[in-house]
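Have a look at the structure below before the remarks.
Following this line, the structure appears as structure tokens:
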């Protein structure tokens with residue numbers, strides 16, 4: 123108890139305000155951590171859904187469907203660039219100038 127006798131009574135209000143602010147900061151940090159945790163749970167839950175869909179997830183055919191759609195898109199792009207010079211010669215458009223098919 124010798125420590126308490128050395129404290130200046132004029133500083134006691136500052137000590138009380140400091141303790142109150144410390145409690146308030148602890149409460150705010152606790153609420154913020156819960157809010158940030160909830161936001162991260164939602165974001166990572168969405169990532170998990172997308173990854174499950176790409177890996178086959180609960181429906182085994184979903185991954186195969188994405189593969190087939192990707193292959194069809196790649197084949198469409200190849201056909202588009204294969205026939206583009208011929209079509210651009212007849213009907214020049216902005217698409218032709220973007221990809222350099224115009225003379």
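In my numbering, the protein residues as written are 123 to 225. For glycine and all other residues, C-beta sits at the position ideal for the given N, C-alpha and C.
- In this structure residue 207 is in contact with residue 223, their Cβ atoms being roughly 5 Å apart against a cut-off of 8 Å.
- For residue 163, the enclosing alpha helix (DSSP H) stretches over residues 134 to 177.
- Here DSSP, grouped into helix, strand and coil, assigns residue 204 to helix.
- Under the three-state reduction of DSSP, residue 190 is assigned to helix.
- The continuous alpha helix (DSSP H) containing residue 217 extends over residues 216 to 220.
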